[in-house]
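J.:
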Amino acid sequence: TMAVYLQALGAPLEELLWWTEDMLVSGTALRRVLGVEGTDRPGRGQPHGREIVVREVRYGYTAGREVLHGIELRIPPGERLAIVGPSGAGKSTLGRLLAGVAAPRSGSVTVGGAEVSELAEDVLRGEVLLLTQEHHVFAGSLRENLTLPAGDWTDADLLRALTAVGLAGWFSALPEGLGTRLGAGALAVPAAVAQQLALARVVLADPHTVVLDEATSLLDTSSARQLERSLNGVLEGRTVIAIAHRLHTAAAADRVAVVEDGRITELGPHAELLRAGGPYARLVEAAVPVY
Ligand code: ATP
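The sequence shown begins at 285 in full-length UniProt numbering and counts up one residue at a time.
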């Protein structure tokens, strides 16, 4: 099972309000609010197939400081890949490149042969979504929280998605159904529900691949279990790339990629890497909360 990915709905009120204003002018900012990222892109190319291929990827945020130094990786459709490694190694950066949120400085990240960072918005949405821990709910109606920045789903679609992630009970108690206002100054959304709403957006967008940036769970055990069940259901049949902070995520994956200092230093199934006694085994042994 994939572990629960988590977040703190920790954004202060001011920040949520600021984001809400900002989203009117910036689709990218809005996607950040939703914790479902993408970029505004010109739109080019059409994937033929679902294999993700990373070739010789180099990336840096600022000139003169490269963070990824030539990443090579092939991810077959339907694989569950866990990415582990020390803090600052480049895991989240790699996740952003895999999701097309950022483009490599050199090299390529392709899905079905098409450069991910150049896909049109609507094409990208059906291919890969990045699910992060931040900003899952913004001030607005439940309907807006599910459908913005784009999407022409019917109310029935939205209800189906809410049910699929285990929110039918929560929904039935809402005073104004899909019109109920959430967030700042309105209905408080518990962290567990915020997580499930993010999953409902995945159900709606229905991408082939989900890049999951896990975080330490702040949920109580029973909420965490419920969320994990929803997550497993939603991820079923998709390619899942999990930036794993928990050992059991890595142990349950098909393969584990160890990233150290901007390079993949080991790649293979959990059991094999443990036996090999290399970087992965050292991470596990050091009980560095597999990070
Ligand atoms: P963690 O497990 O702590 O999240 P990580 O392995 O995901 O770490 P990244 O977040 O990808 O690592 O960061 C890789 C390197 O890039 C780090 O040195 C980090 O300081 C730097 N970095 C990350 N984001 C930015 C940014 N927005 N601007 C500049 N540098 C950044």
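Built from N, CA and C at the ideal position, the CB exists for glycine as well. Model, not experiment: these values are computed from the prediction.
(1) Looking at the strands, I want to know which residues DSSP matches up with residue 256.
(2) Using the beta-carbon of each residue, find all residues closer than 5 Å to any heavy atom of the ligand ATP and list them in chain order.
(3) Among Arg427, Trp437 and Val449, which residue has its Cα nearest to the Cα of Glu460?
(4) Let me check understanding here. Comparing Cα to Cα, which of Leu352, Ala366, Leu414 and Val487 lies closest to Arg339?
(5) Cβ atoms of Arg409 and Ala489: under 9 Å apart, would you say?
(6) Quick check on DSSP: helix, strand or coil for Asp441?
(7) If I'm right that Ala484 touches Leu430 with Cβ under 8 Å, what's the distance once you round it to whole angstroms?
(8) Does DSSP put Asp406 in a helix, a strand or coil?
(9) Run through the DSSP bridge pairs and tell me what Gly333 is partnered with.
(10) Return the bridge partner residues of Gly424 from the DSSP annotation.
(11) Which word fits Gly379, buried or exposed, when buried means at least 16 other C-beta atoms lie within 10 angstroms of its C-beta?
(12) Mapping the DSSP letters down to three states, classify Arg364 as helix, strand or coil.
(13) Taking Gly391 as part of the alpha helix (DSSP H), name the residues at either end of that continuous run.
(14) Can you tell which of Leu381, His492, Val368 and His529 has its C-alpha closest to the C-alpha of Ile548?
(15) Measuring CB to CB, does Gly562 end up less than 9 Å from Val542?
(16) Could you name the residues that DSSP lists as bridge partners for Glu550?
(17) How do the stretch 394-401 and the stretch 469-480 stand: do at least 3 beta-carbon pairs fall below 8 Å, yes or no?
(18) Just checking, does the stretch 357-372 make contact with the stretch 326-346 on the three C-beta pairs under 8 Å criterion?
(19) For Asp504, does the count of other Cβ atoms within 10 angstroms reach 16, so buried, or fall short, so exposed?
(20) In this structure, what does DSSP give as the bridge partners for Glu399?
(21) In angstroms with no decimal places, state the Cα-to-Cα distance between Val568 and Val524.
(22) By the 10 Å Cβ neighbour count, where 16 or more other Cβ atoms means buried, how is Ser514 classified, buried or exposed?
(23) Could you round the C-beta distance between Leu466 and Gly435 to whole angstroms and report it? I think they count as a contact, below 8 Å.
(24) So, under 8 Å CB-CB, Gly396 and His332 are touching, yes? Tell me the CB distance rounded to an integer number of Å.
(25) When you compare only the Cα positions, how much space is there between Ala440 and Leu365?
(26) Per DSSP, Thr505 forms a beta bridge with which residues?
T.: Taking the definition as stated:
(1) Only positions 285 to 575 of the chain appear in this structure, which leaves residue 256 out of reach.
(2) The set of residues with CB atoms less than 5 Å from any heavy atom of the ligand ATP reads, in chain order, Tyr345, Val351, Ser371, Gly372, Ala373, Gly374, Lys375, Ser376 and Thr377.
(3) Counting from 1 along the sequence shown, the entry for residue 460 is found at position 176. Checking every option, the nearest Cα to that of Glu460 belongs to Arg427.
(4) The count along the sequence shown starts at 1 and reaches residue 339 at position 55. Among Leu352, Ala366, Leu414 and Val487, the Cα nearest to that of Arg339 is on Leu352.
(5) Mapped onto the sequence shown, residue 489 falls at position 205. Mapped onto the sequence shown, residue 409 falls at position 125. Contact flag set, yes.
(6) For the purposes of this step, residue 441 is identified with residue 157 of the sequence shown, where counting begins at 1. Residue state, collapsed to three classes: helix.
(7) Here residue 484 corresponds to residue number 200 of the sequence shown, with the count starting at 1. Here residue 430 corresponds to residue number 146 of the sequence shown, with the count starting at 1. Contact between Ala484 and Leu430 holds, with the beta-carbon distance rounding to 6 Å and staying under 8 Å.
(8) Here residue 406 corresponds to residue number 122 of the sequence shown, with the count starting at 1. Correct three-state label for Asp406: helix.
(9) In the sequence shown, counting from the first residue as 1, residue 333 sits at position 49. In the DSSP output, where bridge partners are listed per residue, Gly333 has none listed.
(10) As a working mapping, residue 424 is identified with position 140 in the sequence shown. Residue pairing from DSSP places Gly424 in a beta bridge opposite Leu466.
(11) Stepping through the sequence shown from its first residue, residue 379 is reached at position 95. By the neighbour-count definition (other C-beta atoms within 10 Å, threshold 16), Gly379 is a buried residue.
(12) By 1-based counting over the sequence shown, the position of residue 364 is 80. Of the three classes helix, strand and coil, the one that applies to Arg364 here is strand, per DSSP.
(13) Translated into positions along the sequence shown, residue 391 becomes position 107. From DSSP, Gly391 is part of no alpha helix (DSSP H) but of the beta strand (DSSP E) over Ser390 to Val395.
(14) The count along the sequence shown starts at 1 and reaches residue 548 at position 264. Taking only the C-alpha atoms, the option nearest Ile548 is Val368.
(15) Mapped onto the sequence shown, residue 562 falls at position 278. Mapped onto the sequence shown, residue 542 falls at position 258. Yes, the pair counts as a contact, with Cβ atoms nearer than the cut-off.
(16) Taking the sequence shown and counting its residues from 1, the one referred to as residue 550 is at position 266. Answer is Val542.
(17) With a cut-off of 8 Å, the stretch 469-480 and the stretch 394-401 do not count as touching, because too few Cβ pairs lie within range.
(18) The stretch 357-372, when compared against the stretch 326-346, does touch it at the 8 Å Cβ threshold.
(19) The residue given as residue 504 occupies position 220 in the sequence shown. Exposed.
(20) As a first step, residue 399 is located in the sequence shown; it is residue number 115 there, counting from the start. Looking at the DSSP assignment, Glu399 forms a beta bridge with Thr394.
(21) As a position in the sequence shown, residue 568 is number 284, starting the count at 1. As a position in the sequence shown, residue 524 is number 240, starting the count at 1. Taking the straight line joining both Cα atoms gives about 22 Å.
(22) Walking along the sequence shown from the start, residue 514 turns up at place 230. When all chains shown are included, Ser514 counts as buried.
(23) As a first step, residue 466 is located in the sequence shown; it is residue number 182 there, counting from the start. As a first step, residue 435 is located in the sequence shown; it is residue number 151 there, counting from the start. Actually they are not in contact, since the Cβ atoms of Leu466 and Gly435 sit about 17 Å apart, beyond 8 Å.
(24) In the sequence shown, the residue the question calls residue 396 occupies position 112. In the sequence shown, the residue the question calls residue 332 occupies position 48. So it is a contact: roughly 5 Å between Cβ atoms.
(25) For the purposes of this step, residue 440 is taken as the residue at position 156 of the sequence shown. For the purposes of this step, residue 365 is taken as the residue at position 81 of the sequence shown. Put simply, the backbone Cα of Ala440 is about 33 Å away from that of Leu365.
(26) What you label residue 505 is simply residue 221 of the sequence shown in a count that begins at 1. Looking at the DSSP output, Thr505 bridges to nothing.
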